[in-house]
Amino acid sequence: FIVFYPRFSLDRKYTVFGRVIGGMDAVDRIARGEPPANPTKIVHASLAVDAGSLPPAPPPAADEEEKEITLDDLINSMSQ
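Below, the structure written as structure tokens:
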């Protein structure tokens, strides 16, 4: 998936593995919506950072309650 805004319905089902840091015009040309019969294919991708240089991920919180996030919360966090 290439998503253009947070998709909370994908949480805990898929893993984010990157983001577009250049060539957004190419991403904008990819058809949006349901997958077409003849989908656009990504034929080249590159890594900007070696995964070995990333800090270790924090351990998951035990039994942490999920907080409902509203659209207002999302908009406010993006404007900060």
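The opening residue of the sequence shown carries number 575 in our numbering; numbering runs sequentially from there. For each residue, glycine too, the CB sits at the ideal point set by N, CA and C. For clarity, every value in this text was computed on a predicted model and none was experimentally measured.
{"query": "Nearest CA to the CA of A600: which residue from I643, S653, P580, A619?", "result": "A619"}
{"query": "Does the distance from the CB of L584 to the CB of V594 come in under 9 Å?", "result": "no"}
{"query": "Taking the alpha-carbon positions, what's the E642 to F582 distance?", "result": "10 Å"}
{"query": "The alpha helix (DSSP H) that contains L648, what's its start and end?", "result": "645–652"}
{"query": "Express the C-alpha separation of L645 and I616 in angstroms, rounding to a whole number.", "result": "31 Å"}
{"query": "To the nearest angstrom, how far is it from the Cα of A692 to the Cα of T614?", "result": "Given that the chain is displayed from residue 575 to residue 654, the structure contains no residue 692 and the question cannot be resolved."}
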